[in-house]
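Some notes on the structure that comes next.
Numbering (the numbering used here), first residue to last: 38 to 176.
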């Protein structure tokens, strides 16, 4: 958990398309996040105590023992790259939503709302570029 650190903790649970994964992210947040955790069976038990259903607990158990597709040397890069892609998918979904709202907003009759949405769009586009670069570099 410590490798994922604040980068995971800053992730909106809505970034997870799967309801089970979203519930696990919420359980991790309710358990104090990952930035200060050392991991291990005790931490898994803490997360298990915060999941809403037994089915979700089963997914936590599966994830806890699943092999990670990286060796020890490349693990930090793998974690950062994976989280950057996950953040990026969430940002892309938000961009679609904001663009749709922006298209439905009349800039002349509701300039304040239009400008606010346009500012959010620019911020999300910048965030997406930064996340893409971070996913590629793994830093």
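Cβ atoms here follow ideal geometry from the backbone N, Cα and C, with glycine treated the same way.
This structure is a prediction, so every number in the text was calculated from the model and none was measured.
Q) Does the stretch 80 to 94 come close enough to the stretch 157 to 176 to have 3 or more Cβ pairs within less than 8 Å? A) no
Q) With a CB to CB cut of under 7 Å and the five nearest residues on each side skipped, what residues in its chain are close to residue 2? A) Because the chain in this structure spans residues 38 to 176, residue 2 falls outside the shown range and cannot be described.
Q) Can you list, in chain order, the residues of its chain whose CB lies under 8 Å from that of residue 97, leaving out five sequence neighbours each side? A) Here the question's residue 97 lines up with position 60 in the chain shown. 61, 64, 81, 84, 85 and 88, listed in sequence order.
Q | As assigned by DSSP and simplified to three states, the class of residue 129 | A | Sequence index remark: in the chain shown, residue 129 carries index 92 (1-based). Correct three-state label for residue 129: helix.
(Q) Using only the alpha-carbon positions, how far apart do residue 123 and residue 53 sit? (A) Locating residue 123 in the chain shown gives position 86, counting from the first residue. Locating residue 53 in the chain shown gives position 16, counting from the first residue. Looking at the two C-alpha atoms, the distance is approximately 8 Å.
(Q) Just to confirm before moving on: does the CB-CB distance between residue 68 and residue 39 stay below 8 Å? (A) Translated into positions along the chain shown, residue 68 becomes position 31. Translated into positions along the chain shown, residue 39 becomes position 2. Cβ atoms of residue 68 and residue 39: not closer than 8 Å.
Q.
What does the alpha-carbon distance come out to for the pair residue 132 and residue 149?
A. Translated into positions along the chain shown, residue 132 becomes position 95. Translated into positions along the chain shown, residue 149 becomes position 112. When rounded, the distance between both Cα atoms is 19 Å.
Q. Under three-state DSSP, which class holds residue 42?
A. If you number the chain shown from 1, residue 42 lands on position 5. It is helical.
Q) Under 8 Å between the Cβ atoms of residue 142 and residue 154? A) Reading the chain shown from its first residue, position 105 is the one you call residue 142. Reading the chain shown from its first residue, position 117 is the one you call residue 154. Yes. Within cutoff.
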